[in-house]
Structure formats: C-alpha cells, structure tokens
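**Q** Structure in structure tokens, see below.
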Amino acid sequence: MSSDRSSLSLFEPALSEAAQFVERSLDALLPAVAGPEGRLLEAMRYAALGGGKRLRGFFVLQTGRLFGVDRGALGRVAAAIECVHAYSLVHDDLPAMDNDDLRRGKPTVHKAFDEATAILAGDGLLTLAFGLIAAPDTHGDPFARCELVSRLAHAAGHAGMVGGQMMDMLFEHGSPGLPEITRLQRLKTAALITFSCESGAIMGRASAPARAALTTYGQELGLAFQIADDLLDAEGETAQLGKAAGKDASRGKPTVVSVLGAERARAQALALAQQAAAHLELFDERADLLRAAAEFVVTRRA
Ligand code: GRG
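Spelled out as structure tokens, the structure:
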C-alpha cells in the first residue's frame, strides 16, 4: 500500500461525493415529520442525517458500480445500511450501553430528545432499513431482494452486530485474549461493513468469485477499521472525533490496542488493509477507489 497521498487525493473527493448522494437519498427516503408521532420521525432524521463519513454507503455505491447496477437502487441500499448503522450508534450511546453525550459532533439522540424517544428512533431506523431493501424499487428480482434482506439480517443481528455488542459488554468485566477480541470485532463492526461490500455484488448478480472477493475484502477491511477506531479512541481528540476520546482506557475495555500496544496494533491494521486490497485483483483498475478506501480506513483521523 503506497504511503504517499496520491490515492487518498482521489479517494477523498469520491467519498465526499458519495456522502452527499447518500445524504440526499436518506433525506428523500426517511419519512417527513408529521402527525402525532412527529417527535419519533424528527429523532430518526436527527440520528440519520447531517453527519458521518458514510463509508458503508460508499462501499455499496462502489461495489455496485463494478457490476453496472443502477445508482438510484444502490442509493436505497446505501441509505438502508446507513439507517442500520445510525440505529446502532443511537442505542450504543444510551445510558444502559456506552452512555455518551456526543456523537458526530452533536448531542446524542437521548440528550437531544429523551431516552425512550432514542430507543424508538433506533427501532424505527432498523425497521425502515428492511422496508427499504424489500421494496420493488430496490431490485426488479424478488430473489435478489430476499437475499439482501437475509444477508442484512445476518450482519445486523445476533450472528453479527448485536451479538458482537453483547460480547463487547461482557468483555469489559473479563480479560479476553486476541482471538476473542478479534471475533467480537468481526461481529460488532466487520459484519455490517462486509454486507455493505457484498450488497453491490448481490444486486449486480456477480459471479461467485467476484462476490467472494468483495466479501473477503469487507471482512478484512472491517477488522482494520475497528483497530483504527480503537487507535483513534486511544490517541485522538474529542473535538476532532466528534465523540468522546479515551473511553476504552477509562473503562478498562480490552481492545487490540490494549493487548498489543499501539505500535503493533497499527501494524496489524495496516497488514489487514493491505490483505483486503489484495483481494481486488480480479477487478483491475476499476477497483482503485476500493483500494484507496483500504488506505483511508487505516490512516483516517476521525
Ligand atoms: C439493540 C439495545 C441495542 C443496542 C445495539 C448494535 C449496537 C447496539 C451497537 C453496535 C456497535 C457499534 C456502535 C459498533 C461500533 C462500530 C463503529 C466503529 C462505529 C463508528 O463508525 P464510523 O466511524 O461512524 O463509520 P460515522 O459517524 O462516520 O458514521
């Protein structure tokens, strides 16, 4: 992986353009604030709009582009995944979980609204995501829609993100080793990132080798992403991150950084990102932005 800024100078404008497209898709697909349940809809929009890198949405757009999938349809899937991600952040920030006041540089949903509204807003976002994916506008082939629904359920549920979150909470009171921490991160973080990369292949009816390449890329990049996140928690500043820094150490939370130390953790993240990029050979230069994304994930500052 090159260490100069050349691939990042191509990647950053591409991510910014994708983020704007995902934001517009979300704005159009989230329900308008109206009626007696308006407070819920306002909280859902507050949680999902106006922030975030939109990296998961970017992966949907880029992997789908490899197979010529319609951008409007990809925007729906990108919006759905960003809704699931936003739900996870809203619930993760609750007093019963991480108890955070700041997210994406603004008050967390339970601070801006209240706890009950935050729980319902998370529930609403998760459910909306499945509704968006299952609708005919997402794909003309009902089998492809079912496959997207089933893979998202796997990535977000007990065998993925929610299962990983449970392990994360339990491990705070134990001393897991690297294999346990890696499994936790595979579920909590890498599963949804993997689905983001796989979804373009599902929508594009990709060949088995092409789909496997993108899935493996997502798995390894997802692990690299979480180690980079742990490094940012250990070394970053709250103002720059838009969320509280230094939380893992203050809670005595075991991470790859606490087990290996920052230097070896950084080397591990870099090696995973390089491995991820190596799976893209099949797509030649058409996957250059995905290669650059691997570099971004481990060099980002927020
Ligand atoms: C069901 C009550 C209940 C809770 C579920 C699933 C869950 C709570 C939490 C998910 C775990 C979680 C928040 C994982 C962290 C993954 C991570 C590093 C998120 C930050 O992602 P970025 O940096 O965020 O892409 P932005 O803000 O840029 O979108």
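All the letters of the sequence shown, read from the start, carry residue numbers 723 to 1024 under this note's numbering. Cβ atoms here follow ideal geometry from the backbone N, Cα and C, with glycine treated the same way.
Expressed to the nearest angstrom, what Euclidean distance is found between the alpha-carbon atoms of residue 968 and residue 880?
**A** Looking at the two C-alpha atoms, the distance is approximately 28 Å.
**Q** How big is the Cα-Cα spacing for residue 733 and residue 781?
**A** Spanning the two alpha carbons is a distance of roughly 12 Å.
**Q** DSSP state of residue 828, grouped into three classes?
**A** Residue 828: strand per DSSP, three-state reduction.
**Q** Report, in whole angstroms, the separation of the C-beta atoms of residue 995 and residue 1016, which I expect to be a contact under 8 Å.
**A** Between residue 1016 and residue 995 the Cβ distance is about 4 Å, and since that is below 8 Å, they are a contact.
**Q** What are the start and end residues of each continuous beta strand (DSSP E) run of 3 or more residues lying completely inside the region 952-1008, in chain order?
**A** Here no run is fully enclosed.
**Q** Can you tell me whether residue 807 is helix, strand or coil according to DSSP?
**A** Correct three-state label for residue 807: helix.
**Q** Does the beta carbon of residue 948 fall short of 8 Å from some heavy atom of the ligand GRG?
**A** Result yes, Cβ under 8 Å from the ligand GRG.
**Q** Since residue 780 is in the alpha helix (DSSP H), which residue starts that stretch and which ends it?
**A** Segment 777-787, the alpha helix (DSSP H) holding residue 780.
**Q** Between the Cα of residue 989 and the Cα atoms of 837, 1011, 950 and 964, which residue gives the shortest distance?
**A** Selected option, being the one with the closest Cα: 950.
**Q** If residue 801 and residue 751 are in contact, beta carbons under 8 Å, what's the gap, nearest whole angstrom?
**A** About 5 Å separates the two Cβ atoms, so the contact holds.
**Q** Along the chain, where does the alpha helix (DSSP H) containing residue 820 start, and where does it finish?
**A** Element bounds for residue 820: n/a, residue is neither H nor E.
**Q** Identify whether residue 894 lies in helix, strand or coil by the three-state DSSP scheme.
**A** Correct three-state label for residue 894: coil.
**Q** Could you pull the start and end residues of the alpha helix (DSSP H) that residue 873 belongs to?
**A** Note, residue 873: alpha helix (DSSP H), 864-878.
**Q** For the alpha helix (DSSP H) containing residue 845, name the first residue and the last one.
**A** Run containing residue 845: 837-856, per the alpha helix (DSSP H) assignment.
**Q** State the DSSP-derived secondary structure class of residue 763, mapped to helix, strand or coil.
**A** Correct three-state label for residue 763: helix.
**Q** Determine whether the beta carbon atoms of residue 749 and residue 771 lie at a separation below 9 Å.
**A** Yes, they are a contact pair.
**Q** Suppose only complete runs of 4+ residues qualify. What are the alpha helix (DSSP H) ranges in the region 896-921, listed by chain order?
**A** Whole alpha helix (DSSP H) segments, 4+ residues: 900-907.
**Q** May I ask which residues mark the beginning and end of the alpha helix (DSSP H) holding residue 744?
**A** 728-751 is the extent of the alpha helix (DSSP H) around residue 744.
**Q** Would you call the CB atoms of residue 936 and residue 919 closer than 9 Å?
**A** For residue 936 and residue 919, yes; Cβs fall inside 9 Å.
**Q** Buried or exposed for residue 965, please, with buried defined as at least 16 other CB atoms from any protein chain shown within 10 angstroms of its CB.
**A** With 16 or more other Cβ atoms within 10 Å, it is buried.
**Q** For residue 791, which three-state DSSP category applies?
**A** Coil.
**Q** Starting from the C-beta of residue 744, find all residues in its chain whose C-beta is less than 8 Å away, skip the five residues before and the five after it, and write them out in chain order.
**A** Here the set comprises 776, 779, 780, 783, 797, 800, 801 and 804.
**Q** Report back the beta-carbon spacing between residue 826 and residue 896 to the nearest angstrom; my notes put them in contact at under 8 Å.
**A** Not quite, the Cβ-Cβ distance comes to about 30 Å (not below 8 Å), so this is no contact.
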